[in-house]
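Number 131 in this note's numbering belongs to position 131 of the sequence shown; there are no gaps in the numbering. All residues carry an ideal CB built from backbone N, CA and C; glycine is no exception.
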Amino acid sequence: YLLGTSFARPLIAKRLVEIAQAEGADAIAHGATGKGNDQVRFELAIRAFAPEMTIIAPWRIWDLKSRDEEIDYAEAHDVPLNITRQTNYSKDKNLWHLSHEGLDLEDPANEPQYDKILELGVSPEKAPDKPAYVALSFEKGVPVRLNGEKLGGVDLIAKLNRLGGENGVGIADLVENRLVGMKSRGVYETPGGTILYHAHKKLEELCLDRDTSHFKEGVAQKFAELVYDGKWFTPLREALSAFVDSTQRNVTGEV
1 YLLGTSFARP
11 LIAKRLVEIA
21 QAEGADAIAH
31 GATGKGNDQV
41 RFELAIRAFA
51 PEMTIIAPWR
61 IWDLKSRDEE
71 IDYAEAHDVP
81 LNITRQTNYS
91 KDKNLWHLSH
101 EGLDLEDPAN
111 EPQYDKILEL
121 GVSPEKAPDK
131 PAYVALSFEK
141 GVPVRLNGEK
151 LGGVDLIAKL
161 NRLGGENGVG
171 IADLVENRLV
181 GMKSRGVYET
191 PGGTILYHAH
201 KKLEELCLDR
211 DTSHFKEGVA
221 QKFAELVYDG
231 KWFTPLREAL
241 SAFVDSTQRN
251 VTGEV
């Protein structure tokens with residue numbers, strides 16, 4: 001699981017604060033529930049930049065107990081929705097990933113209906129039965145070229161998403177241990193990120209010395225925990241990022 005939701009929340013929250021302050025607002029509202037991680041991620045990030053800002057969380061303070069009730073409210077107030085009650089998965093989509101939770105996935109005995117839920121690609125069973133070759137070039141740990149073409153980060157990830165998706169890459173079915181103590185099952189699509197992660201890891205195997213490589217594994221675990229827990233804007237996360245940056249000085253090459 002490559003933290004697609006967790007990475008997005010600090011960026012969203014920081015921008016929310018910037019807009020709220022520019023508009024002279026005294027409160028920020030978010031749509032996270034009282035059962036999930038996002039309420040913590042949003043609110044820690046908002047507090048980091050605007051500790052005086054009032055935070056409004058309708059899912060926690062209103063009498064809404066389910067997604068069906070949320071749909072009822074939207075319909076009663078003429079709020080357009082692009083879902084139905086039958087396709088009412090809880091989804092989070094951004095450039096890096098797409099997550100699916102809820103409905104039949106709540107029962108761990110149910111096999112995910114990939115043909116119904118996947119959007120970024122196909123399942124491995126539906127992928128072409130032949131290899132696809134991709135060349136990724138890195139400069140100091142940063143991906144800069146795909147198949148010889150120099151690309152910015154957004155375009156590079158978008159192209160990797162297409163390549164990975166059509167080949168059934170990057171699908172994870174797992175159970176999370178949430179911050180609030182609950183367990184949650186989800187299906188995650190991260191085709192481009194999965195290719196990028198493994199390519200970078202293979203290059204590091206060639207470029208990092210033994211001690212740094214071993215120590216970095218522990219740093220990666222702690223870094224992931226901080227990101228998952230919404231602690232992006234913290235001194236420790238900044239320090240770990242600085243360490244990782246220093247390890248990438250020689251991570252240059254093509255995979």
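Are there 16 or more other CB atoms within 10 angstroms of the CB of residue i, so buried, or fewer, so exposed?
i	result
W232	buried
Y114	buried
S213	exposed
Y188	buried
T54	exposed
N82	exposed
T84	exposed
Residue i by DSSP, collapsed to three states: which one?
i	result
E189	strand
A127	coil
A242	helix
R145	strand
If we call anything under 8 Å between Cβ atoms a contact, is residue i one with residue j?
i	j	result
N228	L3	Correcting the residue identity first, residue 228 is Tyr in this sequence and not Asn. Contact: yes.
L146	L136	yes
I157	L95	yes
V154	T194	no
P112	L103	no
L203	V219	no
A50	Q21	yes
Of the residues the options, which one's Cα is nearest the Cα of residue i?
i	options	result
K130	E166, S137, F223 and A20	E166
D92	T84, Q86, L81 and E101	E101
L179	G186, G148 and G230	G230
Taking the alpha helix (DSSP H) that residue i belongs to, which residues open and close that run?
i	result
N161	G153 to E166
F7	G4 to E23
H214	R210 to Y228
For the ligand ATP, is there a heavy atom less than 7 Å away from the beta-carbon of residue i?
i	result
K159	Of the ligands one can find in the structure shown there are none, so the ligand ATP has no counterpart to examine.
Which two residues bound the contiguous beta strand (DSSP E) that contains residue i?
i	result
L136	L136 to E139
G98	The question names Gly, yet the displayed sequence has Leu at residue 98. L98 to E101 is the span of the beta strand (DSSP E), which, as asked, contains L98.
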